[in-house]
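Taking it in order: structure first as structure tokens, then the write-up.
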């Protein structure tokens, strides 16, 4: 076996030799690392177009043309559309591919049941024609090595689901010395997934505004929001659910999702570019990154906390500008001359700010000003109270000059949208993470009044 990877750890080539026959596979990926298409020579001289992957918000399945693409130079090849060539994935909350179905009605191509750590259950799988490339956690099976479903590619490492362990140590193992460097999802495979084979940052967002952070150097962050508390004798049981799993870019920022259960976004996504001008009497010249929804992970944690709190009141929020992908503020307009005072302009408050449209009487953000009949004082004050609880501070959080809301600072230019600004620097409601799993009880300082037990769920 031979594998080749790109600079970000994505597999781009696989070579497998058996009985003197070498099969080569090439992976074509988009800039985010998603596989777009797969080509193979099947051990011969001809190259075949094996797969074309289909995506929505995640992978939906693939088109399997099995078509030769090696032809005579300068000649044209006609490709005809064929039925029964699409495989749609049916997955669960972990991304496990449980079945694949065809575009032809009533045709099931593959079915698989998994043990908790991903081993295929004996007598509980079925294949009509060949095996499917992806399986447990939606990861690629390397069936050539140890048999069907017994080895998987996680990017940074290779995983064996039969033993529930990675076959090499975590490259960031020094940051979690209390765990085996070969462990898989902290031994919690029912409720967690591993996107890359490395460590992640876990943000535990409690209802009281506390944010418990496990800080690592990996590029993936997970955000869990508290859903309930229950007193059981001397234990306080907290239940959490996964609100989002985001990837940090090279500037330490994450792209906050454009939409979710009770939020969406508005405005045109800026393309960025070089920007020069004068603001508040000062000239500036900076390169503005693309996009307008990038924030620091702690800001994302605060936003998830707000959304989790106001959801119970039926509130849906539309977010606007945050920061661009390089941390600068998004430039608005074709000439890239308008800039916010913050949002990352010339390095000021990069990834800490978020605009949102005010909430109407129906609980949904609306396009309009604070003096509109649609404007709800009660619901907007609820949003701002939640913001203060989750780390957005009064100094950097604004309403418009119409001043319809109590306890919120006013700022010009904000009559048609609100502004949430995360406190820059240390926050009293943020603390370092204590290692845990479902068998560990945390004791409060003496005198003992409660035991605390953390539980993750969906």
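Residue numbers (this note's numbering): 150 to 607.
Each residue gets a CB set at the ideal place from its N, CA and C atoms; glycine is no exception.
Remember, predicted model here, so these are calculated numbers, not experimental data.
Query	Result
Quickly, what does DSSP pair residue 116 with across the bridge? List them, please.	Only positions 150 to 607 of the chain appear in the structure, and residue 116 is not among them; the question remains open.
Which of the three DSSP states, helix, strand or coil, is assigned to residue 453?	helix
Going by the DSSP bridge assignment, what does residue 211 pair with across the sheet?	202 and 236
At what residues does the beta strand (DSSP E) containing residue 536 begin and finish?	Per DSSP, residue 536 belongs to no beta strand (DSSP E); it is in the alpha helix (DSSP H), 526-538.
Out of 334, 404, 503 and 515, state which residue places its alpha-carbon closest to the alpha-carbon of residue 571.	503
Out of 375, 387 and 263, which has the shortest C-alpha to C-alpha gap to residue 338?	263
Thinking just about the alpha-carbon of each residue, which of 548, 386, 442 and 158 is nearest to the one in residue 184?	158
Let's test the definition: count the other Cβ atoms within 10 Å of the Cβ of residue 171 and tell me whether it reaches 16, buried, or not, exposed.	exposed
With DSSP run on the structure shown, which of helix, strand or coil describes residue 458?	helix
Taking just the CA atoms, how far does residue 520 sit from residue 544?	23 Å
State the beta-bridge partners of residue 412 as determined by DSSP.	409 and 466
Cα-Cα, which of 432, 456, 418 and 462 is closest to residue 442?	418
State the Cα-Cα distance for the pair residue 258 and residue 209, rounded to the nearest angstrom.	15 Å
Residue range of the beta strand (DSSP E) that residue 363 falls in?	360-363
Have a look at the DSSP bridge pairing and note the partners of residue 175.	162 and 188
Beta carbon of residue 248: closer than 7 Å to some heavy atom of the ligand MG?	Inclusion of the ligand MG in the displayed structure is not the case, the ligand content being empty and no account of it being possible.
If we ignore side chains and look at the alpha-carbon of each, how far apart do residue 241 and residue 255 end up?	20 Å
Using the beta-carbon count (16 or more within 10 Å), is residue 436 buried or exposed?	exposed
Using the beta-carbon count (16 or more within 10 Å), is residue 151 buried or exposed?	exposed
Mind checking which residues open and close the beta strand (DSSP E) that includes residue 307?	307-309
Which residue comes first and which comes last in the alpha helix (DSSP H) that contains residue 292?	292-295
What would DSSP say about residue 169, mapped onto helix, strand or coil?	coil
Pull the bridge partners of residue 354 from the DSSP assignment, please.	360 and 374
Per DSSP, residue 559 is paired with what?	548
DSSP puts residue 195 in a beta bridge; with which residues?	Beta-bridge pairing links residue 195 to no other residue.
Just the Cα atoms here: how many angstroms apart are residue 619 and residue 266?	No answer is possible for residue 619: the residues shown for the chain start at 150 and end at 607.
Between which residues of its own chain and residue 469 is the CB-CB distance below 8 Å, once the five residues before and five after are set aside?	414, 415, 416, 441, 503, 504, 505, 506 and 566
How long is the line joining the alpha carbons of residue 315 and residue 329, rounded to whole angstroms?	10 Å
What whole-angstrom Cβ distance do residue 541 and residue 451 have, given they're in contact under 8 Å?	6 Å
Output needed for residue 294: all residues of its chain with C-beta closer than 7 Å, excluding positions within five of it in sequence on either side, in chain order.	150 and 300
Whose CA, out of 275, 333 and 518, lies closest to the CA of residue 554?	518
What residues match up with residue 425 in a beta bridge as DSSP calls it?	434
Using DSSP with H/G/I as helix, E/B as strand and the rest coil, what is residue 287?	helix
Quick one: give me the first and last residue of the beta strand (DSSP E) that residue 505 is part of.	502-505
Assuming residue 445 and residue 402 form a contact by the criterion Cβ under 8 Å, report the distance between their Cβ atoms to the nearest whole angstrom.	6 Å
If we ignore side chains and look at the alpha-carbon of each, how far apart do residue 234 and residue 197 end up?	15 Å
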